[in-house]
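Peer 1: The listed protein sequences correspond, in order, to chains A and B. Just so you know, we're using the numbering used here here: the first sequence kicks off at 1 and counts up by one. Just so you know, we're using the numbering used here here: the second sequence kicks off at 1 and counts up by one.
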Amino acid sequence: MRPRNQCRSATAVSLAALLFALGTLPDAVAADGEKAQAARQSTRDPNISETTWVDHDRRPIRRPPDWEPSYWGSQLHEGVFQPLSHAFDIPDKLFWGARKMGARTRREAVNVNAFDEAPNSSWFTNRNHLRPVPVAEMRDGPDKPFAPAKPWKIKHRKKRGFSAGFQIEDANKKKWLVKLDPRGYPQLSSGADMVSRTLMHAAGYNVPHNEAVRFRRADLTIDPDLIRGTKGERFTEADLDTVLAQGAVFADGSYSAYASLFLPGHALGAPSMERRRPGDTNDWYLHRNRRELRGLYVLVAWIGDWDSKDHQWLDMFTETRDSLGYVKHYLLDVGSSLGAGAKGPKGLRSGYEYSFDLGWTARRLVTFGLVREPWRRARQETGIPSVGNFESEVFKPEDFKSRLPHPAFRLMTDRDGYWGAKIVASFSNAQIAAAVDAAKYEDPRAREFLVRNLIIRRDKIARYWFSRMAPLDFFWMQDGGLRFHDLAVEVGLESARSYVVEIEPTGGGTPSKRLSLNSPELPLHSVGTNASRLSLTISVAGNKAKPAHVELTRKGNGWVVTQVRHG
Amino acid sequence: MSQTTSKTGPRAPIRALLALLVGQVVLLFGASGAEAQPRFGDSTWVAPGAVFEADSTADGPRVAPRDHERGWETVVRTPFRVVFFPLRLVATGFEAGVGHFGPRFLDPKPKHPPKRGLSVGPSVAMGTGTDIRLGPAFTYIGLPTANTKLRATGTWSLQDHRHIKFRESLLTPRPVSVLVAADYDFKPTRRFYGIGNDALKTNLGYYLLESTIAEAALAFGRSPLRQIRLVGGYSSMSPRRGYNRTPLVEEIFPPTSMPFYHRGSDNILYGVTADLASLDDPLDPSTGAHGHIELRRAVGVRSSDPDYSQWLLEGRTYVPVFAKHRVLVLRGVYTGLKPRGGATTDIPFYRLPQSEGSAHFAGYNSGRFRDRQLMLARAEYRWPIVRRLNALALFEMGEVAPNSSSFRLRSTHNSYGGGLRLGLSDESAFRLEMAQSVEGFHLVLELGSTF
């Protein structure tokens with residue numbers, strides 16, 4: 001009886017608190033609470049600027065202690081406990097109810113500037129969607145291509161993960177991690193990694209310098225100090241043969257792999273995708289509330305990165321001066337994407353279901369297995385060894401699932417999704433082809449298949465998110481008028497269309513107005529207002545997509561765009 | 001800084017200069033790179049230069065204040081956090097434990113050929129109810145030859161159930177191999193409900209059975225699923241007064257209703273056993289058939305010991321139901337024994353086929369029915385719910401009889417229910433069955449089921 005009473009009283013207190021909160025917060029909520037609060041705070045705090053394009057999170061700090069979430073502990077947390085606790089999260093259900101009554105209880109991403117963009121930071125640099133990456137640079141990725149010089153000395157065994165490999169020191173004394181492609185599938189993981197990391201880099205994420213490599217047994221030597229296990233026994237040629245036996249071999253007998261250059265700085269460990277890094281005083285925002293981590297969902301859905309998790313990232317401490325430096329966050333190991341898995345083609349479920357998927361488990365159970373899951377409908381088996389299992393026909397951008405639920409993905413809002421879709425949609429066919437070329441596929445079918453399917457998936461993503469949020473963006477003033485881009489029209493998903501603008505002036509006693517536009521231009525002289533500020537709600541005529549909200553502030557005789565919000 | 005930007009064109013530099021004068025950093029970028037294809041229009045909107053050029057290590061503003069949970073959300077969540085704190089603590093403990101021990105046990109290890117020599121580990125075996133046995137397991141690879149594996153386990157439960165198991169396989173997986181198996185079992189809580197299909201549930205009594213079975217087989221065929229075995233061995237069984245559970249059989253049944261009551265028997269066994277299977281996936285079959293035959297002749301060591309023939313015929317068929325992953329499994333078991341002359345035609349009650357182990361009746365207690373012959377028919381519908389974990393719905397009919405002509409369809413003991421099945425290897429599976437019969441609801445957990 002006691003727990004039930006406790007539960008009842010807790011529910012009562014919470015309901016009362018919720019009603020109180022909803023009663024006292026409507027203004028803040030309607031104006032998007034946290035942003036209004038941030039704006040207020042920014043007027044007080046000179047270190048905060050909503051309009052900045054650079055989030056200065058690389059201020060010199062002392063090196064934080066090495067820390068990362070435990071690999072298996074976080075698997076249990078994200079895979080089992082978190083979904084269960086989420087299923088029984090009563091406040092979440094209350095917030096859901098409140099949302100139905102019109103309150104905005106969903107929390108938007110925190111590190112978003114006034115123009116609804118994620119400013120540059122130690123996590124992310126705005127690239128392709130703001131300034132197209134030239135195709136030639138696209139192919140290069142983060143650096144000009146250079147492969148590890150042979151011979152390679154094996155310094156360590158690869159300790160983590162399911163793929164076989166080792167750490168090497170090349171002839172130029174550079175350290176690399178070499179990962180073998182799974183036996184029987186040359187270029188499967190290495191190809192997927194090269195394509196995906198090239199796209200992710202152009203999208204804006206920090207990635208390591210990776211190279212698709214081929215080598216022979218004779219190119220390898222073993223460091224005499226290399227130890228096999230914990231008991232001090234030497235790593236022998238036979239041990240190396242055991243490792244190599246797990247790898248893929250080309251027709252000429254050389255091994256297929258990719259090499260990842262060690263990142264500069266000191267490795268602190270993987271960050272949590274949920275919370276801040278302990279000891280990093282620059283790390284202000286809970287990671288689950290970061291725009292670039294929430295919006296990453298759309299990008300991983302595009303490339304089919306089914307293993308997205310904490311340990312796919314690595315934080316490096318980069319020293320700048322006097323033992324001070326900053327933490328930079330790298331997205332590593334995107335090889336479990338496209339059609340690749342660690343031991344061969346990816347599992348057919350991967351990308352469509354979590355490892356432990358409560359929803360699908362329940363549906364299968366109650367329907368006696370008669371429900372037909374999308375991954376069964378999808379024809380994923382390409383028959384191309386270097387591609388594995390990949391498709392675009394059944395793919396639904398909103399239904400993609402990584403192996404484990406991801407805290408930031410779970411909190412993603414339409415605004416975050418739209419931001420991610422905008423990045424995906426910014427890739428041209430030529431850029432996609434260039435990214436695929438980075439893998440140097442030997443099989444011409446692989447290139448053709450991946451380019452075609454990445455384009456189809458890109459367009460599906462754009463179509464989905466641009467139908468949820470009016471893709472009206474990149475607002476600027478010209479000749480006294482407001483101009484903007486309709487991204488759906490510009491990427492060819494829609495033909496020219498008209499727009500509806502609702503104008504809400506502040507000050508000057510001018511009444512509200514509603515205008516129809518036949519092109520993405522709003523002549524402001526027609527508004528004829530003395531107002532000091534204009535709040536515009538722009539939607540696509542006859543379209544249910546959530547509108548874009550733009551705020552214009554008078555500056556001298558003209559106007560400047562001071563805020564953009566989608567949805 | 002605002003997002004006011006300008007169009008490339010003749011007046012663009014003037015506009016940029018004006019923008020700078022009002023404190024707005026605007027730099028102009030065309031479609032950078034000859035090969036670049038701007039997807040978003042003709043680059044009339046140009047990103048502010050700060051996006052590409054600012055030095056983020058320099059001092060400058062942050063985009064938002066430090067992030068923390070909203071006050072009103074904390075108010076709503078706090079009572080629930082307090083109430084569920086113990087659960088959270090448990091979950092955190094589990095996570096910490098898995099985080100600590102996970103790398104040792106769950107991390108992928110490099111595959112090396114099995115190491116020669118002795119290794120010791122734990123062994124867990126589950127019986128009925130609280131009969132959970134624990135003990136050590138010894139494995140010796142390479143004794144006496146490289147291709148051999150010896151495994152011995154000794155387990156004990158709180159009911160004083162003692163079990164010692166010994167297995168040695170020689171020359172596997174060659175076309176001809178030798179298997180040696182020996183089991184010693186001492187269980188003071190064996191169940192006896194009487195003999196016959198109409199035995200009453202209320203007549204449950206307990207007795208002790210001490211048994212030793214040793215058997216060697218010469219196996220032809222590499223795979224255990226396609227193999228013929230010539231077997232020979234020895235069996236000794238001795239019933240005694242049970243303990244740790246009441247009532248005892250002596251308190252319920254007169255000695256005349258229990259052939260060989262308190263009298264042991266020893267037999268020499270020989271015969272042939274075989275498996276013939278054609279399955280698409282032995283771990284989790286969806287199409288195919290599997291036949292299993294055991295034919296043995298038991299010869300009494302002493303003249304007072306019974307001579308009999310013993311058989312077990314089992315057939316399974318797997319039929320996909322409109323899709324490979326939905327499977328209808330039909331299983332039939334027919335087992336029995338027949339006296340073969342000798343001094344006595346009585347068969348010891350403890351050697352009769354009974355509804356336990358692989359012939360267990362789903363909705364009934366283990367060992368509920370016994371007689372000279374036993375038949376079991378089951379239809380099971382399986383479908384996967386999580387990867388290789390299958391849910392199942394079952395219907396089963398079982399019956400025992402003194403001879404084959406005594407089986408009657410109307411006398412069958414029927415069960416229906418459901419459960420879970422997880423294939424562990426080609427020859428064993430984990431099963432959890434929940435079945436209903438006229439005698440109520442029964443739950444059975446089986447680790448190492450052959451079905």
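The beta carbon of each residue, even a glycine, is placed where N, CA and C say it ideally should be.
Would you say B/H292 lies against chain A (beta-carbon separation less than 8 Å)?
Peer 2: It does not; no Cβ of chain A falls within 8 Å.
Peer 1: Beta-carbon of A/R547 versus every beta-carbon of chain B: anything under 8 Å?
Peer 2: It is worth fixing the name first, because residue 547 of chain A is Pro in this sequence and not Arg. Answer no: the Cβ-Cβ gap between A/P547 and chain B never drops below 8 Å.
Peer 1: With three or more C-beta pairs closer than 8 Å as the rule, is the segment 357–371 of chain B touching the segment 197–212 of chain B?
Peer 2: The segment 197–212 of chain B, when compared against the segment 357–371 of chain B, does touch it at the 8 Å Cβ threshold.
Peer 1: With a threshold of 8 Å, are at least 3 pairs of Cβ atoms found where one atom belongs to the segment 261–268 of chain B and the other to the segment 232–242 of chain B?
Peer 2: Judged by Cβ distances under 8 Å, the segment 261–268 of chain B makes contact with the segment 232–242 of chain B, as three or more pairs qualify.
Peer 1: Where B/D67 and A/D473 are concerned, what is the direct C-alpha to C-alpha distance, given to the nearest angstrom?
Peer 2: Rounded to whole angstroms, B/D67 to A/D473 spans 27 Å at the Cα level.
Peer 1: According to DSSP, is A/T537 part of a helix, a strand, or is it coil?
Peer 2: In this structure, A/T537 counts as strand in the three-state DSSP scheme.
Peer 1: Are the C-beta atoms of A/F162 and some chain B residue less than 8 Å apart?
Peer 2: Yes - at least one Cβ of chain B is within 8 Å of the one on A/F162.
Peer 1: Kindly list the residues whose CB is nearer than 8 Å to the CB of A/L332, restricted to its own chain and excluding five residues on each side of it in sequence; keep chain order.
Peer 2: Result list for A/L332: V207, P208, S260, Q312, W313 and L314, in chain order.
Peer 1: Look at the alpha carbon of A/A212 and the alpha carbon of A/E494, and state the distance between them as a whole number of angstroms.
Peer 2: So the two alpha carbons sit approximately 39 Å from each other.
Peer 1: Taking a cut of 7 Å between CB atoms, which residues from the segment 61–88 of chain A lie near chain B?
Peer 2: Result list: S70, Y71, W72, G73, L76, H77 and F81.
Peer 1: Here's the rule I'm using: 16 or more other beta-carbon atoms within 10 Å means buried, otherwise exposed. How should B/I195 be labelled?
Peer 2: With 16 or more other Cβ atoms within 10 Å, it is buried.
Peer 1: In the structure shown, what three-state DSSP assignment does B/S449 receive?
Peer 2: B/S449: strand per DSSP, three-state reduction.
Peer 1: Rounded C-beta distance between B/T148 and B/S169? I'm assuming under 8 Å.
Peer 2: That belief holds up - the Cβ atoms of B/T148 and B/S169 are roughly 6 Å apart, short of 8 Å.
Peer 1: Output needed for A/G335: all residues of its chain with C-beta closer than 6 Å, excluding positions within five of it in sequence on either side, in chain order.
Peer 2: Within the same chain, A/G335 has close Cβ partners S189, A192 and D193.
Peer 1: Hey, out of B/T412, B/F430, B/L352 and B/Q354, whose CA is closest to B/R388's CA?
Peer 2: The shortest Cα separation from B/R388 among B/T412, B/F430, B/L352 and B/Q354 belongs to B/F430.
Peer 1: Relative to chain B, which residues along the segment 316–341 of chain A have a C-beta separation below 7 Å, given in chain order?
Peer 2: Hits within the stretch, in order: T320 and Y326.
Peer 1: What are the start and end residues of each continuous alpha helix (DSSP H) run of 4 or more residues lying completely inside the segment 208–249 of chain A, in chain order?
Peer 2: List check, alpha helix (DSSP H) in window: 237–244.
Peer 1: When you check each C-beta in the segment 360–371 of chain A against every C-beta of chain B, which residues fall closer than 8 Å?
Peer 2: Cβ contacts with chain B come from T361, R364, L365, F368, G369 and L370.
Peer 1: Alpha carbon to alpha carbon, how far is B/P384 from B/L394? Give it in angstroms, no decimals.
Peer 2: Those two C-alpha atoms are separated by around 15 Å.
Peer 1: Within this structure, are the beta carbons of A/G567 and A/M469 separated by less than 8 Å?
Peer 2: Against a cut-off of 8 Å, the Cβ pair of A/M469 and A/G567 comes out as a contact.
Peer 1: Any beta carbon of chain D sitting closer than 8 Å to that of A/I456?
Peer 2: The structure shown contains no chain D; the protein chains it does contain are A and B.
Peer 1: Based on DSSP bridge pairs, tell me the residues matched to B/H290.
Peer 2: Looking at the DSSP assignment, B/H290 forms a beta bridge with B/A277 and B/R316.
Peer 1: Does any CB atom of chain B fall closer than 8 Å to the CB of A/E572?
Peer 2: The structure shown has nothing for residue 572 of chain A, since chain A only spans 1 to 567.
Peer 1: Around the C-beta of A/V327, are 16 or more other C-beta atoms found within 10 angstroms, so that it is buried, or is it exposed?
Peer 2: So A/V327 ends up on the buried side.
Peer 1: Which partner residues does B/H163 have in the DSSP bridge list?
Peer 2: Looking at the DSSP assignment, B/H163 forms a beta bridge with B/T155 and B/D185.
Peer 1: So A/F400 packs on A/A301, CB below 8 Å; how close in whole Å?
Peer 2: Rounded, the Cβ-Cβ distance is 4 Å, consistent with contact.
Peer 1: Among B/L143, B/K109, B/G99 and B/T130, which residue has its Cα nearest to the Cα of B/S119?
Peer 2: Ranking the options by Cα distance to B/S119, first place goes to B/L143.
Peer 1: With DSSP as the reference, label A/L293 as helix, strand or coil.
Peer 2: Three-state DSSP puts A/L293 in a helix.
Peer 1: Can you tell me where the alpha helix (DSSP H) holding B/P410 begins and where it ends?
Peer 2: Checking the sequence, you will find Arg at residue 410 of chain B rather than Pro. Looking at the DSSP string, B/R410 is not in any alpha helix (DSSP H), and its letter there is neither H nor E.
Peer 1: To the nearest angstrom, report how far apart B/R245 and B/T189 are at their CA atoms.
Peer 2: Each residue's alpha carbon lies about 6 Å from the other.
Peer 1: I'd like to know whether the C-beta of B/L106 is nearer than 8 Å to at least one C-beta of chain A.
Peer 2: Yes, because at least one Cβ of chain A sits closer than 8 Å to the Cβ of B/L106.
Peer 1: State the CB to CB distance for the pair B/G419 and B/M434, rounded to an integer number of angstroms; the pair is presumed to be in contact (CB under 8 Å).
Peer 2: The Cβ separation is near 6 Å, so the contact holds.
Peer 1: So for A/L585, helix, strand or coil by DSSP?
Peer 2: Residue numbering for chain A in the displayed model covers 1 to 567; residue 585 of chain A lies beyond these limits and cannot be assessed.
Peer 1: Taking 6 Å as the limit between beta carbons, can you name the residues of its chain near B/L150, skipping five residues before and five after?
Peer 2: If we look at B/L150 and ignore the five residues flanking it on each side, its Cβ neighbours are Y140, L143 and E168.
Peer 1: Excluding five sequence neighbours on each side, which residues of the same chain lie with their C-beta closer than 7 Å to the C-beta of B/L313?
Peer 2: Around B/L313: I293 and Y334.
Peer 1: With DSSP as the reference, label A/D193 as helix, strand or coil.
Peer 2: A/D193: helix per DSSP, three-state reduction.
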